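Chemist: Chains as they are written, first to last, in the working numbering: chain A, 3 to 218; chain B, 3 to 218.
Heads up, the beta-carbon is just placed ideally off N, CA and C, and yes, glycines get one too.
Note that the structure is predicted; figures quoted are calculated from it, not measured.
Number of protein chains: 2
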Amino acid sequence: MSTKDKIIQTSIRLFNQHGERAITTNHIASHMCISPGNLYYHFKNKEHIIRQIFALYSEHLHTQFKPFQPNEDALQNLVGYLDSLFELMWRFHFFYDNLGDILARDEVLKKDYITFQSSLLEQVEAVLLALRAGNVITIADDEVTELAHMLKMTVSFWTPYVKARRLSGELAQQDIYQGILKVLLLLKAYCTSQSLSQVNELRTKYQQLASDRDTV
Amino acid sequence: MSTKDKIIQTSIRLFNQHGERAITTNHIASHMCISPGNLYYHFKNKEHIIRQIFALYSEHLHTQFKPFQPNEDALQNLVGYLDSLFELMWRFHFFYDNLGDILARDEVLKKDYITFQSSLLEQVEAVLLALRAGNVITIADDEVTELAHMLKMTVSFWTPYVKARRLSGELAQQDIYQGILKVLLLLKAYCTSQSLSQVNELRTKYQQLASDRDTV
DNA sequence: GTCTATAGTCAGATAGAC
DNA sequence: GTCTATCTGACTATAGAC
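Below, the structure is given as structure tokens:
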């Protein structure tokens, strides 16, 4: 792996562990056993490191989330979608721990973020409409956007919500499953009578995956 | 107003406007036209200012949220509860913009926060049970806690969610009403057939209050 | 209680040798 | 590409006069 890539990977790990604000460029360099000067050879400054991480984040999201194929099972597609989404939240949750602060310091990143979130909203709306077309949920047109926002907010802020409620900040895989359960809770309210039992089975599955802890 | 109180009020205002990280003790002092030395006469450091603000926040929450009286209209009580909650979120939203960071820097505050959130969760659960007792909602016992978490998360992170999606960070009263609508969306899914029309009326009311903008 | 002046600290970033 | 050495700037906090 190139030094540049190592800087990115180390930064992601340290940011997630200790928070973006607590980790300085010196910390990143010393964790990699390189000099601060070397780090600055590869990146103009800390903002540029974060921009690069954000690029990975949005790239991952765009490659993972293909639109549903009409002939596929809508519910099964949803499960894959959720898993990828929360995998992403797991890898980049530091970003949402400090979202306001990170965006306030970098106008360029903020613009990219807003653009990206707009397109993400449309994707989520498309998923909801596909679920409706597949008879998985029933939802009025004028509630689609509102539910999409709720889903997006839940996925974004679930990890900060969990982390804030425990003393040692470390996140576990189980916490992510709890978040998936919250998404399913949101969807459950819109399920058709045919899909309700399937969604309940899904919830049971994730409850088992999450059950190593008694949190939440 | 005492200098000490003015420091608190000015801090809240500046934190909400520009973010807690961006505002230094020097900013606070110079905005009040007092010296940094004077500020440090009244507060040991910035952490202590934030602790004091958190004390106001939790005090407000505890005084505003009386338990329901059994003979009162449960739905009407809920509306008052929501208004107070979002008033609080309006006044202290800077806290949730940077929650992870603020708590990571102050162990004492973090412990207080966790304790407070625990008791808040119980309050929300009590409200849900009261709504069920008042035939406003139907909900299974094992979903009460999960829904309470969703409500709490929504109220906490609605403002950061909104702020992150616009370039000028200023929040408007309408944004708060959009948040109330999200809470009502969550509850609507659990409404009884008797209460559904009332909740829909409530949603219409808040939609009008929020309609000066086309956001969300 | 309030001021001025300043010490201490540290993150962010650069210059120039190798 | 990488290092050492160093600088700048900003923020926190204190000392001592008024």
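#1: Where does LYS113/A land, buried or exposed, given buried means 16+ other C-beta within 10 angstroms?
#2: Can you give me the C-alpha to C-alpha distance between TYR98/B and ASN47/B, rounded to a whole angstrom?
#3: Please say whether VAL81/A and LEU204/A have beta carbons closer to each other than 8 Å?
#4: Can you list the residues of chain B that ILE51/A reaches, using a CB-CB cut of under 7 Å?
#5: Given that GLU148/B touches chain A, what residues does it touch there, using C-beta distances under 8 Å?
#6: What does DSSP give as the partner residues of CYS193/B in its beta bridges?
#7: Kindly confirm or deny that the region 197-211 of chain B and the region 136-155 of chain A touch, where touching means at least three C-beta pairs closer than 8 Å.
#8: Please report whether the beta-carbon of PHE159/A lies at a distance below 8 Å from any beta-carbon of chain B.
#9: Does GLN54/A come within less than 8 Å of chain B when only Cβ atoms are used?
#10: Tell whether a beta-carbon distance below 8 Å holds between LEU183/A and GLN209/A.
#11: Measuring only between beta-carbons, confirm whether LEU173/A sits less than 8 Å from chain B.
#12: Ignoring anything shorter than 4 residues or poking outside the region 8-75 of chain A, list the alpha helix (DSSP H) runs there in chain order.
#13: Below 8 Å on the Cβ atoms is my contact criterion, and I expect GLY181/A with MET91/A to pass it. Report the Cβ-Cβ distance as a whole number of Å.
#14: Please list, in chain order, the chain B residues whose beta carbon lies closer than 9 Å to that of ARG134/A.
#15: Check whether the Cβ of TYR59/B lies closer than 8 Å to any Cβ atom in chain A.
#16: Are three or more beta carbon pairs between the region 25-44 of chain A and the region 3-13 of chain A nearer than 8 Å?
#17: Pick from ASP214/B, GLN19/B, ILE104/B: whose alpha carbon is nearest that of HIS50/B?
#18: Closest Cβ-Cβ distance between LYS165/B and chain A: below 8 Å?
#19: Would you tell me roughly how many angstroms separate the C-alpha atoms of LEU77/A and GLN66/B, rounded to the nearest one?
#20: Is the separation between the beta-carbon of VAL110/A and that of LEU130/A shorter than 8 Å?
#21: Among LEU189/A, LEU186/A, LEU187/A, ASP177/A, whose alpha-carbon lies nearest the alpha-carbon of ALA213/A?
#22: In the DSSP assignment, find the unbroken alpha helix (DSSP H) run with ASP108/A in it and report its ends.
#23: Who are the Cβ neighbours of VAL17/A in its own chain at under 7 Å, not counting the five residues just before and after it?
#24: Can you grab the Cα-Cα spacing for the pair LEU187/B / HIS44/A, in whole Å?
#25: Quick one: which residues of the region 77-109 of chain B get their C-beta closer than 7 Å to a C-beta of chain A? List them in chain order.
#26: In this structure, does DSSP put ASP103/A in helix, strand or coil?
#27: Buried or exposed, going by whether 16 or more other CB atoms sit within 10 Å of the CB of GLU22/A?
#28: Helix, strand or coil: how does DSSP classify LEU1/A here?
#29: Please go through the same chain and pick out, in chain order, the residues whose beta-carbon is closer than 6 Å to the beta-carbon of PRO162/A, but skip the five residues on each side of it.
#30: Is the beta carbon of VAL185/B sitting closer than 8 Å to the one on VAL157/B?
#31: Would you please verify whether the beta carbon of ILE116/A is less than 8 Å from any beta carbon of chain B?
#32: On the criterion of 16 or more Cβ atoms from any shown chain inside 10 Å, does LYS68/A qualify as buried, or is it exposed?
#33: Give the secondary structure of PHE96/B by DSSP, where H, G and I count as helix, E and B as strand, and everything else as coil.
#34: Below 9 Å on C-beta distance, what does ARG23/A contact in chain B?
#35: For ARG134/B, tell me which candidate among LEU58/B, GLU148/B, LEU189/B has the shortest Cα-Cα distance.
Modeler: Checking against the coordinates, here is how it stands:
#1: exposed
#2: 21 Å
#3: yes
#4: Neighbours of ILE51/A on chain B: none; closest Cβ ~18 Å, over 7 Å.
#5: LEU183, LYS184, LEU187, VAL218
#6: ILE139/B
#7: no
#8: yes
#9: Proximity of GLN54/A to chain B, defined by a Cβ-Cβ separation below 8 Å, is not satisfied.
#10: yes
#11: no
#12: 27-33, 38-44, 48-66
#13: 7 Å
#14: Under the 9 Å cutoff, chain B gives no residues; its nearest Cβ is about 16 Å from ARG134/A.
#15: no
#16: yes
#17: ILE104/B
#18: yes
#19: 43 Å
#20: no
#21: The sequence shown places Ser at residue 213/A, rather than the Ala named in the question. Among LEU189/A, LEU186/A, LEU187/A, ASP177/A, the Cα nearest to that of SER213/A is on ASP177/A.
#22: No alpha helix (DSSP H) holds ASP108/A; DSSP gives it neither H nor E.
#23: The identity of residue 17/A in the sequence shown is Phe, whereas the question assumes Val. Only ILE25, PHE96 meet the Cβ criterion.
#24: 48 Å
#25: Here the close residues are ASP99, ASN100, LEU101, GLY102, ASP103, LEU105, ALA106.
#26: Helix at ASP103/A.
#27: buried
#28: Because chain A is modelled from 3 through 218, residue 1/A falls outside the range shown and cannot be assessed.
#29: TYR98, ASP99
#30: yes
#31: yes
#32: exposed
#33: helix
#34: ARG23, ASN100, GLY102, ASP103, ALA106, ARG107
#35: LEU189/B
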